[in-house]
Amino acid sequence: MLAFLLLLCNEAKAEFGRLTGVVTDPGGYPVSAVNVTFFGYPYGASTNEEGRFTILGLRASSYSLIFSHVGYITDTLEIVISGGETTTCLIALKEDVLELQGVELVLERENVDYQATSGRVIIRKHEVTALPGGSEDPLGAMALIPGVIARNPDDADWSVRGADMGEMRVLLDGIPLPRPTHFGLLSRNLSIFNPLVTDRFELWKGGMPAAYGRALGGLLQVESMDTDTDELHGTLLLTYLTANLGWEVPFTESVRWINGVRFNYDPGVYRFLEQTMRDRFVRPTIRDAQGSLRFDPGGNHRLRLTYLLSSDRLETTDITGSYDHRNRLIAGGLGWSWVPTAGWFSDVVAYGWHTRETFGYLDFGSEERWENSRVGIRSENTILVSPGGQFTIGGVIEGEEGDRRDPTGKSSLGGTLRNLYGAGFVEGKVRWGRLHTTAGVRSDHYGWEVWDDGIGVDHQYFLYRINSRVALGFYLTEDVVLKGSWGTFSQPRDTAIYDATHWSGGIEINHRGWSGEITGYLHDRERDYDGIRRYANGIEVLLRRRTGEITGWIGASLAVSEREAKDLLEPTAMDRRWTVLCAVLWNVSPQWRFSSEIFFGTGFPYEPVNGRVFVYSGGITKIRRGWYPTYAPFGSSRLPEALRWDIKAAHDIKLIGLDATVFAEVINATVHPNVADYLWSDDILVRQELHEFPTFLPLLGLEVRF
32 MLAFLLLLCN EAKAEFGRLT GVVTDPGGYP VSAVNVTFFG YPYGASTNEE GRFTILGLRA
92 SSYSLIFSHV GYITDTLEIV ISGGETTTCL IALKEDVLEL QGVELVLERE NVDYQATSGR
152 VIIRKHEVTA LPGGSEDPLG AMALIPGVIA RNPDDADWSV RGADMGEMRV LLDGIPLPRP
212 THFGLLSRNL SIFNPLVTDR FELWKGGMPA AYGRALGGLL QVESMDTDTD ELHGTLLLTY
272 LTANLGWEVP FTESVRWING VRFNYDPGVY RFLEQTMRDR FVRPTIRDAQ GSLRFDPGGN
332 HRLRLTYLLS SDRLETTDIT GSYDHRNRLI AGGLGWSWVP TAGWFSDVVA YGWHTRETFG
392 YLDFGSEERW ENSRVGIRSE NTILVSPGGQ FTIGGVIEGE EGDRRDPTGK SSLGGTLRNL
452 YGAGFVEGKV RWGRLHTTAG VRSDHYGWEV WDDGIGVDHQ YFLYRINSRV ALGFYLTEDV
512 VLKGSWGTFS QPRDTAIYDA THWSGGIEIN HRGWSGEITG YLHDRERDYD GIRRYANGIE
572 VLLRRRTGEI TGWIGASLAV SEREAKDLLE PTAMDRRWTV LCAVLWNVSP QWRFSSEIFF
632 GTGFPYEPVN GRVFVYSGGI TKIRRGWYPT YAPFGSSRLP EALRWDIKAA HDIKLIGLDA
692 TVFAEVINAT VHPNVADYLW SDDILVRQEL HEFPTFLPLL GLEVRF
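What follows is the structure in structure tokens.
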């Protein structure tokens, strides 16, 4: 009897299947808020910002799926659901021209893709691996974006439009992080994000939402990889610097776990340093773990637990002595999101509500003489309003505590209004619905106290600050858009008021798959207690083409920055420097990929450098029959004879029945510019202790997938 009942249960369970899919526009961009319904059945869903949807509990049968969205032609797809299995579908919707009572509405693809050129850039993991000489750290690839300047090629520490990383807001799945990088590893500042479980990097250089506060130096949103696999999968990645292990575990159809761990080791590289640096020696140690646990209870609800653990240790020895620096970071958050199946959708209008995410988070870290902890809750909700408008309101309640001398607490509330009303020119006539608008206000409340144990002085401060954002996009014609943004930010920092303002404006022209854009910007910040003011202004030029999987851009940026200090009589200029960056990233074809970057000037935007700076890098990759050869030289005039060239190759193989890839790299250099830049000190005597790096260094790597 028991066996018979088990058989019945198994058969009943096998009757139900699962459907997941992705909806894109003709250019391959995801489309959110698409209404997915079954003809003749009460099932349905809406796509998220990635264009994805998932429907559980479907009986084994044939269905007709209907996809509808304002501005796109309604399409139908026939599918077959099998019991106990997951069916996947992919569909591209065609854009439509809608008419209503003689008023022509030409709606663009999903609103959030509007700023996908210079103001907002998205880089995915698979795009990073396609770069010649691509770093194992996807964050290092951001240096190829015009307006982003890295200290060294492949470095995850960079400046955005003249601002340093201290002015940037960094989020991992909604969790704010105090810093995105490890200590220098061979002077390369690796990010704390694990490349095996991180899927998407979204960088806002301007016009970022107001609800995030701060962020005038850029908003970086990092998203963990999502998984729909029904089997255990994993990847082991061994390079000459780090060992990395990642895995995807489907516990049930609704509970899935993805995790990655990484650490560095000493394969002999540091022994070379010890022999060549004499009295100067550095030994970094990094450890990190990152992952997420996802629970899909049904009804388009989703729960997600995200966590990140990071540990750094940097041991240094020079003529002044030995030092041991340590950093630790623990961050985690629990989020809930809901995309409704209900709502009123028609051929012209769409009304609905969805909670993008309500997220509770906490993180705390410690460094030398510094500790920080943060706990908060953030919620974002969107109302769809005709025609094609969105009203998004986001709230943040956050408490933060700094070191013992500067404990702080704060809370804030912010909202963003998108595409609610607007007008523009279409065929020489004024039409409504063509003005892209984003506006928001965020209020912050601060309270902190400062005391001196020796004197017994106790001060308390309570401040109320308003931070604002406005971003506009006005369509002069169907393919010509004027764009601009403005933002302010103010908060207590280092027991002082820290104020910043950011302006940007430009024009974008689109024609037959090509997109060209010119943007100018001004970034200004000032501290009241010492009167130091730093500002940067510049211009960016970007030419981009995207056709299917072939993507590329050619960009350049010019920045002029200045720092000045106010004394008692009059402002005194401290330093002025200019930088020029030219970057090319071009997938000529699926077989040929090319990238190059040239950077020169009188210094970095946020770091004074004596004399002129010239850094160049580049490479080309040919993919053929499983081989991936790459030639990627780079050099710097900051050091004599600093030319370095790399030759890299990869080959797909079978290892004990598993798919694997073998990497090989040869470095030839007289001086490694990254190491030398990192080890430079204000002490000239220490600089003179630097000697040549080995002229020939073979390196190996292995990636195994199971």
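Just so we're aligned: the sequence shown equals residues 32 to 737 in the numbering used here. Here a beta-carbon is modelled for each residue, glycine too, at the ideal position from N, C-alpha and C. Note that the structure is predicted; figures quoted are calculated from it, not measured.
Item, Value
"Neighbourhood of Phe70 by C-beta, 7 Å cutoff - its chain only, sequence neighbours within 5 removed", "Ser95 and Ile97"
"Exposure of Ile112, with buried meaning 16 or more beta-carbon neighbours within 10 Å", "buried"
"Close beta carbons around Glu81, own chain, < 7 Å, minus the five adjacent residues each side", "Pro61"
"Nearest-angstrom Cα separation, counted from Arg357 out to Ile687", "40 Å"
"Host beta strand (DSSP E) of Gly114 (start-end)", "No beta strand (DSSP E) contains Gly114, which DSSP labels as neither H nor E."
"Ala194 vs Ala502 beta-carbon contact at 9 Å", "no"
"Neighbour-count burial assignment, Thr78, 16 or more Cβ in a 10 Å radius", "buried"
"CB of Thr516 within 9 Å of CB of Trp534, strictly", "Before going further, note that residue 516 is Ser rather than Thr in the sequence given. Result yes, Cβ atoms of Ser516 and Trp534 sit closer than 9 Å."
"Straight-line Cα distance separating Arg155 from Trp609", "31 Å"
"Helix, strand or coil at Leu170 according to DSSP, with G and I counted as helix", "helix"
"DSSP bridge partner residues for Arg231 (one or two, in chain order)", "Arg155 and Glu254"
"Cut-off 6 Å between Cβ atoms - residues of its own chain near Arg748, not counting five sequence neighbours on either side", "Because the chain is modelled from 32 through 737, residue 748 falls outside the range shown and cannot be assessed."
"For Arg192, the first and last residue of its enclosing beta strand (DSSP E)", "Counting along the chain, Arg192 falls outside any beta strand (DSSP E), and DSSP gives it neither H nor E."
"Beta-carbon separation (whole angstroms), Cys613 vs Ala587, contact threshold 8 Å", "5 Å"
"Beta-carbon gap between Leu121 and His100 smaller than 9 Å", "no"
"Alpha-carbon to alpha-carbon, Glu109 and Val361", "At residue 361 the sequence reads Ile, which differs from the Val that was named. Distance between the alpha carbons of Ile361 and Glu109 is about 47 Å."
"Spatially closest choice to Thr118 from Thr51, Met256, Val292 and Ser499, by CA coordinates", "Thr51"
"Beta-carbon proximity check, Ser222 vs Leu170, cutoff 9 Å", "yes"
"Three-state class that DSSP yields for Glu198 in the structure shown", "helix"
"Pair within 9 Å by beta-carbon distance, Glu233 and Asp261", "no"
"Reduced DSSP category for Pro207 - H, G, I as helix; E, B as strand; rest coil", "strand"
"Three-state secondary structure assigned by DSSP to Lys236", "coil"
"Closest residue to Phe84 among Arg293, Thr68 and Ala91 (Cα-Cα distance)", "Thr68"
"For His682, three-class secondary structure by DSSP", "strand"
"Beta-carbon contacts of Phe224 that lie in its chain and below 6 Å, excluding the five residues immediately before and after", "Val253"
"Cutoff 6 Å; reference Arg736; Cβ partners in own chain excluding five residues on either side", "Thr266 and Asp690"
"Helix, strand or coil at Val62 according to DSSP, with G and I counted as helix", "coil"
"Top-ranked residue by Cα proximity to Asn541, from Arg359, Ser255 and Asp510", "Asp510"
"Pick from Leu203, Ser546, Ile153 and Val65 that is closest to Thr107, judged by C-alpha positions", "Val65"
"Opening and closing residue of the beta strand (DSSP E) in which Pro281 lies", "Thr273 to Pro281"
"Three-state class that DSSP yields for Gly440 in the structure shown", "Residue placement at Gly440 cannot be trusted, given a pLDDT of 47 that sits under 50; what the coordinates show is reported in the next sentence. DSSP places Gly440 in strand when its eight states are reduced to three."
"Cα-Cα separation between Leu87 and Met256, rounded to whole angstroms", "21 Å"
"Which of helix, strand or coil DSSP assigns to Asn290", "strand"
"Buried or exposed by the 16-neighbour rule on C-beta atoms within 10 Å, applied to Phe282", "exposed"
"Own chain partners of Leu268 with C-beta closer than 6 Å, once the 5 adjacent residues on each side are dropped", "Asn275 and Glu734"
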